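In the working numbering, the protein residues as written are 1 to 256.
C-beta: ideal position from N, C-alpha, C; glycine also.
Here the structure is a predicted model, which means the values were calculated and not measured.
What follows is a single structure, written as structure tokens, with notes after it.
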Ligand code: GLN
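Written out as structure tokens, the structure is:
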């Protein structure tokens, strides 16, 4: 019901509340056709947020498209974690890898204007969407097209943060909910750990002493990423649980 009201509000070019308030209004043939097309896309599993074109994250509306992952509520844990690691007025350098629509980088910048934030993505189309969001929110973030660290010039970050693709091959095949989102943002190789491991092993060379790596990972991957971080000489490695009580967020620190 919620989705059909939202889709009708798109075809009628109004708010959902108008649909409810004027439920006796007759819809034109053209709008009805538009509505039916949207309904049929939705029925086939096309995500509602791609149809609406936006998704709320940390109480901020972000534009999204099928070139960007739809921000998930559990990813807010990464933002909360990052905010808790630094004082309100600390001037720190942050690097976000694989920013997609920019949700993490822009939320951090909005909450802490003193932070200097660089956000990368391999996908130019995703980065374009992140720039649109930055403009809409009036936030200044440095955007760089980069395949993980390849075009990252500096190694003075106090925080490197990422929600990289970590879905394993089999899960991606069987999960119909994910089929319309970019494979680039989801697929983490056979075990799901390809990008996580790459980031863990390279981030240490781009962090300041005492700097933090904060990474989202799959619920079954905590032990593996903690072990891998320890092997790569990080200290104070732990995984935090998300609001569904699932292991979700690695914190690891470069030693001082
Ligand atoms: N949390 C997402 C999902 O399982 C995966 C996101 C990711 O791979 N970074 O739907």
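Limits of the beta strand (DSSP E) - the one that residue 253 falls within: Boundaries of the beta strand (DSSP E) harbouring residue 253: 247-253, taken from the DSSP string.
Put residue 31 into one of helix, strand or coil per three-state DSSP. helix
Taking Cβ to Cβ, would you say residue 24 is nearer than 8 Å to residue 11? no
Less than 8 Å between the C-beta atoms of residue 96 and residue 119, yes or no? For residue 96 and residue 119, yes; Cβs fall inside 8 Å.
How is residue 15 classed by DSSP in three states: helix, strand or coil? coil
Applying the criterion that 16 or more other CB atoms from any shown protein chain within 10 Å of the CB defines a buried residue, is residue 225 buried or exposed? buried
Could you give the residue range of the alpha helix (DSSP H) that holds residue 157? Note, residue 157: premise wrong, no alpha helix (DSSP H); beta strand (DSSP E) at 157-162.
Touching by the beta-carbon criterion (3+ pairs, under 8 Å), the segment 51-67 and the segment 176-187: The segment 51-67, when compared against the segment 176-187, does touch it at the 8 Å Cβ threshold.
Kindly confirm or deny that the segment 40-53 and the segment 121-138 touch, where touching means at least three C-beta pairs closer than 8 Å. no
Looking only at its chain, what residues have a beta carbon closer than 8 Å to the beta carbon of residue 151, apart from the 5 residues adjacent to it on each side? 120, 144, 145
Please say whether residue 101 and residue 73 have beta carbons closer to each other than 8 Å? no
Same chain, Cβ closer than 8 Å to residue 122, five either side skipped, listed in chain order: 98, 145, 146, 147, 148, 184
beta-carbon residue 178 near ligand 2 non-hydrogen atom, thresh 7 Å: The ligand content of the structure shown is limited to ligand 1, which means ligand 2 is not among them.
Ligand 1 and residue 56: does the residue's C-beta get closer than 7 Å to at least one heavy atom of that ligand? no
Looking at residue 166 and ligand 1, is the gap between the Cβ and the nearest heavy atom below 7 Å? yes
Any contact between the segment 200-214 and the segment 170-178? By contact I mean 3 or more CB pairs, one from each, below 8 Å. no
Residue 274 to residue 27 span [Cα, whole Å]: Because residue 274 is not part of the residues shown, which for the chain are 1 to 256, the question remains open.
Where residue 120 sits in the DSSP three-state scheme: Reduced to three states, the DSSP call for residue 120 is strand.
If you draw a straight line from the C-alpha of residue 44 to the C-alpha of residue 60, how long is it? 28 Å
Rounded to a whole number of angstroms, what is the C-alpha to C-alpha distance between residue 62 and residue 112? 18 Å
I think residue 200 touches residue 228, with their Cβ atoms under 8 Å apart; what is that distance to the nearest whole Å? 5 Å
Verify the contact flag: residue 34, CB atom, against every heavy atom of ligand 1, threshold strictly below 7 Å. Checking the Cβ of residue 34 against ligand 1 gives no.
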